[in-house]
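2 protein chains.
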Amino acid sequence: MVRRSKRRIPEATVARLPVYHRSLNELAAEKTETVSSEQLAELAGVNAAKVRKDLSYLGTYGTRGVGYEVSNLLFQIRKELGLTQEWPVVIIGAGNLGQALANYGGFGERGFPVVAMLDVDSTKLGQTIAGVAVHHLDDLGDIVERYDVAIGIIATPAQAAQDAADRLAAAGVPSVLNFAPAVVSGPAQQTIRKVDLAVELQILSFYQQRRNGGPGTPSSAGTSSADTNDAVEPIERDPAEVAK
Amino acid sequence: MVRRSKRRIPEATVARLPVYHRSLNELAAEKTETVSSEQLAELAGVNAAKVRKDLSYLGTYGTRGVGYEVSNLLFQIRKELGLTQEWPVVIIGAGNLGQALANYGGFGERGFPVVAMLDVDSTKLGQTIAGVAVHHLDDLGDIVERYDVAIGIIATPAQAAQDAADRLAAAGVPSVLNFAPAVVSGPAQQTIRKVDLAVELQILSFYQQRRNGGPGTPSSAGTSSADTNDAVEPIERDPAEVAK
DNA sequence: GGTTGTGAACAAATTCACAGCG
DNA sequence: CGCTGTGAATTTGTTCACAACC
């Protein structure tokens with residue numbers, strides 16, 4: 002009764018599925034019917050072996066000698082990622098960052114409608130930002146229940162981030178995307194991801210620096226064509242004791 | 002004459018240095034003088050062994066039985082990341098996303114002043130967003146030269162992203178942070194990182210979904226406390242032929 | 001005693017390379 | 001013959017565990 006296909010998809014693969022999804026959408030839009038791992042790799046910016054390995058975790062959806070049927074593969078990935086339904090989100094923090102995220106329309110467009118923003122600043126309450134009303138943070142529980150909110154986006158200042166996470170946990174929101182420049186932790190059953198915009202720039206700064214001859218050599222000329230070009234995002238967790 | 006300490010810092014370590022940097026700043030703000038790997042790990046949300054290993058790539062800055070001197074470690078990391086200087090950035094694309102990023106003040110605060118925004122839409126030219134003037138994209142070269150721009154942020158719609166990257170490359174901007182939902186490539190000497198906000202939500206959606214019993218089981222109840230909590234960010238590149 | 005720094009063991013992710021199948 | 005699917009090899013990253021040292 003179980004649809005055992007391969008299960009236990011590696012994290013690195015999960016993180017790439019959305020990229021394949023995007024590429025396949027482009028192919029579907031131009032009515033392409035089948036795609037080889039080579040072509041998909043090109044579109045997604047990875048190599049073909051990785052595409053095949055990744056897709057093999059979902060099941061056996063390719064045809065040897067031909068490739069993958071775009072529409073079917075799209076459907077399988079959509080199903081795997083849970084994108085066959087919408088996931089309502091709330092944004093906590095209606096300051097610069099929160100407003101920025103609300104104004105960026107990309108969430109709703111891609112199946113993650115922003116149903117409310119929350120803040121403690123009374124001057125912000127009742128305001129509407131990009132069509133989304135700002136409520137008091139104390140109303141979080143109500144809103145989560147009313148809209149069946151599954152994902153909370155933290156866009157508070159650093160020092161308020163943990164409180165926001167705690168309130169999301171208390172309200173039963175199982176997934177959190179943290180944009181605040183702070184480490185936050187939650188109960189084990191919560192999934193927390195973080196995006197720190199400034200951290201991304203700092204990582205670039207490292208490679209920039211390196212290109213100029215490394216730390217000890219503050220020359221601004223010199224173009225060692227360097228080596229590494231890309232890097233992995235960190236992301237840590239497990240607040241509650243790691244040691245054995 | 003060279004201060005060979007350890008060189009060749011792993012990417013995963015580079016990606017964590019900014020997090021340690023942030024934690025150390027907090028410690029410095031409260032006048033803490035020394036910190037153990039255990040404490041720093043707690044603040045950064047990683048485990049202590051990782052902290053020690055990571056820091057060992059920078060050199061030998063700890064004291065056994067004591068820990069690390071906060072101010073010195075802060076300086077070493079700052080130096081390694083190239084944060085002893087400011088890196089002027091431009092934002093390409095003055096639409097929702099670009100405006101959102103400009104309004105988010107976090108870049109300038111952390112040493113990455115936004116010196117200009119660029120767009121091709123004539124109705125946006127001359128506007129000022131969060132104190133930053135919008136110029137025509139054709140002026141990119143001039144602006145890069147005038148402000149010595151080191152980093153370009155792409156905040157265009159997907160279909161304009163590659164053109165933006167090409168223009169940045171032509172203007173000699175060596176580092177690029179791509180927020181557009183598209184894969185972009187550049188010459189080998191360019192470092193490109195990407196952040197796709199919607200992709201982050203899609204990754205959360207996967208774990209959300211999984212928590213509810215996996216793809217084949219669209220029940221909405223059931224709380225398998227799941228397993229994995231965090232994941233790594235993907236990020237790919239190397240457009241120009243990967244095969245051997 | 002307490003804590004670093006690091007080899008060695010382990011685990012995860014990537015890449016190779018090719019058998020198997022359409 | 002072309003392209004997938006996958007074991008095996010390799011590389012990268014993490015964790016252990018302890019000697020070295022303050």
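Chains as they are written, first to last, in the working numbering: chain A, 2 to 245; chain B, 2 to 245.
Note that beta-carbon positions come from the ideal geometry of N, C-alpha and C, so glycine has one too.
Where residue i falls, given that 16 or more other Cβ within 10 Å makes a residue buried
| i | result |
| --- | --- |
| residue 55 of chain A | buried |
| residue 63 of chain A | buried |
| residue 122 of chain B | exposed |
| residue 66 of chain A | exposed |
| residue 60 of chain B | exposed |
| residue 192 of chain A | buried |
| residue 14 of chain A | buried |
| residue 197 of chain B | buried |
| residue 34 of chain A | exposed |
| residue 149 of chain B | exposed |
| residue 1 of chain A | Any property of residue 1 of chain A remains undetermined from this structure, which presents chain A solely from 2 to 245. |
| residue 43 of chain A | buried |
| residue 18 of chain A | buried |
| residue 46 of chain A | buried |
| residue 201 of chain A | buried |
| residue 109 of chain A | buried |
| residue 160 of chain B | exposed |
| residue 21 of chain B | buried |
| residue 125 of chain B | buried |
| residue 32 of chain A | exposed |
| residue 187 of chain A | buried |
| residue 162 of chain A | buried |
| residue 189 of chain B | exposed |
| residue 50 of chain B | exposed |
| residue 23 of chain A | buried |
Residues bridged to residue i (per DSSP)
| i | result |
| --- | --- |
| residue 70 of chain A | A:35 |
| residue 120 of chain B | B:137 |
| residue 179 of chain B | B:155 and B:195 |
| residue 150 of chain B | Paired residue(s): none; residue 150 of chain B is not in a bridge. |
| residue 129 of chain A | A:134 |
| residue 174 of chain B | Answer by DSSP bridge pairing: none, since residue 174 of chain B is not bridged. |
| residue 93 of chain A | A:119 and A:155 |
Cβ-heavy atom distance, residue i to the ligand GDP, below 7 Å
| i | result |
| --- | --- |
| residue 139 of chain A | Absence of the ligand GDP from the depicted structure is noted, as is the absence of any ligand whatsoever, leaving it without description. |
Checklist entry - Taking the runs of the alpha helix (DSSP H) that are 4 residues or longer, which of them lie wholly in the segment 36 to 63 of chain A? => result 38 to 45 and 49 to 59
Checklist entry - Touching or not, the segment 130 to 145 of chain B and the segment 159 to 177 of chain B, by the rule of three or more beta carbon pairs under 8 Å? => result The answer is yes - the segment 159 to 177 of chain B touches the segment 130 to 145 of chain B, with three or more Cβ pairs under 8 Å.
Checklist entry - If contact means a Cβ-Cβ distance below 9 Å, which residues of the segment 74 to 94 of chain A contact chain B? => result 77, 80, 81, 82, 83, 84, 85, 86, 88 and 90
Checklist entry - Between the segment 164 to 181 of chain A and chain B, which residues of the former have a C-beta closer than 7 Å to a C-beta of the latter? => result 175, 176 and 178
Next on the checklist: So if I threshold CB-CB distances at 8 Å, which residues from the segment 121 to 145 of chain B count as touching chain A?
Outcome noted: none
Next on the checklist: So if I threshold CB-CB distances at 9 Å, which residues from the segment 196 to 207 of chain B count as touching chain A?
Outcome noted: Closer than 9 Å at the C-beta level to chain A, one finds these residues of the segment 196 to 207 of chain B: 196, 197, 198, 199, 200, 201, 202, 203, 204, 205, 206 and 207.
Item to check | Cβ contact check for the segment 142 to 162 of chain A and the segment 84 to 103 of chain A: 3 or more pairs under 8 Å | outcome: yes
Next on the checklist: Closer than 8 Å is the cut-off here; do at least three beta carbon pairs connect the segment 175 to 182 of chain A with the segment 204 to 215 of chain B?
Outcome noted: yes
Next on the checklist: Taking contact to mean 3 or more Cβ pairs, one atom from each stretch, closer than 8 Å, check whether the segment 101 to 116 of chain B and the segment 199 to 209 of chain A are in contact.
Outcome noted: yes
Checklist entry - According to a CB-to-CB cut-off of less than 7 Å, which residues of the segment 29 to 43 of chain B neighbour chain A? => result none
Next on the checklist: Three or more C-beta pairs under 8 Å: does that hold for the segment 72 to 82 of chain A against the segment 78 to 92 of chain B?
Outcome noted: no
Item to check | Contact residues within the segment 95 to 109 of chain B, judged by C-beta distance below 8 Å to chain A | outcome: 97, 98, 100, 101, 102, 104, 105, 106, 107 and 108
Item to check | Residues of the segment 47 to 62 of chain B with Cβ closer than 7 Å to any Cβ of chain A, in chain order | outcome: 47 and 48
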